[in-house]
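So the sequence shown is residues 377 to 543, counted in my numbering.
Written below as structure tokens is the structure these notes are about.
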Amino acid sequence: MINFLLFHKQLLLDFAMDVSNELKSAFTTVSDQGKEQPFEICAAEFPKLFVSALFEYHQERYFILTDAKIIYALSNRMLGGDGHIETRPQKLFTEAESFFVTAFFEGIKRHYTTLGKDVTLLRSESTENQSQPFFKEQLVYQLKAACFLGEKSIGSVYICSAQRSGQ
């Protein structure tokens with residue numbers, strides 16, 4: 377678990393630095409201590425509005441779930457705004473936000489590769505009932521990182537990892 381935590385904390389730190397440089401903004405992350413628990417307990421913490429991606433490296437899977445508010449804020453900033461998060465009754469992405477989601481996960485994939493893990497992006501989802509990367513009872517490592525744009529909290533990124541079942 378220590379390797380998982382150190383690796384993903386570094387990945388998030390490097391990625392946040394790149395986003396900050398690209399958007400000329402202070403985008404930062406603060407990671408928790410991480411934990412190992414059944415996936416269903418992890419999933420209970422997830423926000424209802426999100427985007428997620430499932431990556432694979434050899435027999436290990438990495439599930440990254442991002443609060444939709446992060447996408448709203450960073451894409452607003454990308455377009456010259458101040459990172460304002462609109463309140464929306466349901467998840468709706470503009471074309472610019474959809475483009476940003478793709479760029480966001482491609483950036484994460486690039487950072488995995490830079491850190492020595494040439495991952496494959498298996499899928500990206502934004503609907504809870506289409507996103508089941510692990511069995512409910514399967515033990516996963518989880519890291520949660522709170523994200524900030526300047527001083528303002530804009531949501532969290534969750535990273536869960538486990539060996540593929542049956543391996």
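Just so it is clear, CB atoms sit at the ideal spot from N, CA and C, and this is done for glycine as well.
Sheet register partners of residue i (DSSP bridge)
i	result
residue 531	523
residue 431	438, 497
residue 514	None, per the DSSP bridge assignment.
residue 537	438, 517
residue 414	515
residue 443	426
Own chain, CB closer than 8 Å to residue i, minus 5 neighbours either side, in chain order
i	result
residue 499	429, 430
residue 487	387, 390, 391, 394
residue 472	451, 454, 455
residue 533	388, 405, 440, 441, 442, 443, 446, 520, 521, 523
DSSP-derived helix/strand/coil call for residue i
i	result
residue 543	For residue 543, the predicted structure reports a pLDDT of 48, less than 50, and the residue's modelled location is therefore unreliable. A value from the coordinates is still provided. Residue 543 falls in the coil class under three-state DSSP.
residue 408	coil
residue 426	strand
residue 390	helix
residue 381	helix
residue 461	coil
residue 450	helix
7 Å CB neighbourhood of residue i in its chain, flanking five on each side removed
i	result
residue 381	410, 519
residue 386	491
residue 445	461, 530, 531
residue 432	495, 496, 498
residue 476	447, 450, 451, 454
Start and end residues, beta strand (DSSP E) containing residue i
i	result
residue 496	496-501
Residue range of the unbroken alpha helix (DSSP H) whose run includes residue i
i	result
residue 402	From DSSP, residue 402 is part of no alpha helix (DSSP H); its letter is neither H nor E.
residue 491	Here residue 491 belongs to no alpha helix (DSSP H), and DSSP marks it neither H nor E.
Cutoff 6 Å; reference residue i; Cβ partners in own chain excluding five residues on either side
i	result
residue 408	520
residue 395	403
residue 405	388, 392, 521, 523
Rounded Cβ spacing between residue i and residue j (contact assumed at less than 8 Å)
i	j	result
residue 536	residue 426	The pair is not a contact, with the Cβ atoms about 13 Å apart (cut-off 8 Å).
residue 443	residue 531	3 Å
9 Å Cβ cutoff, residue i in contact with chain B
i	result
residue 503	Annotation note: the requested chain B is absent from the structure, which comprises a single protein chain.
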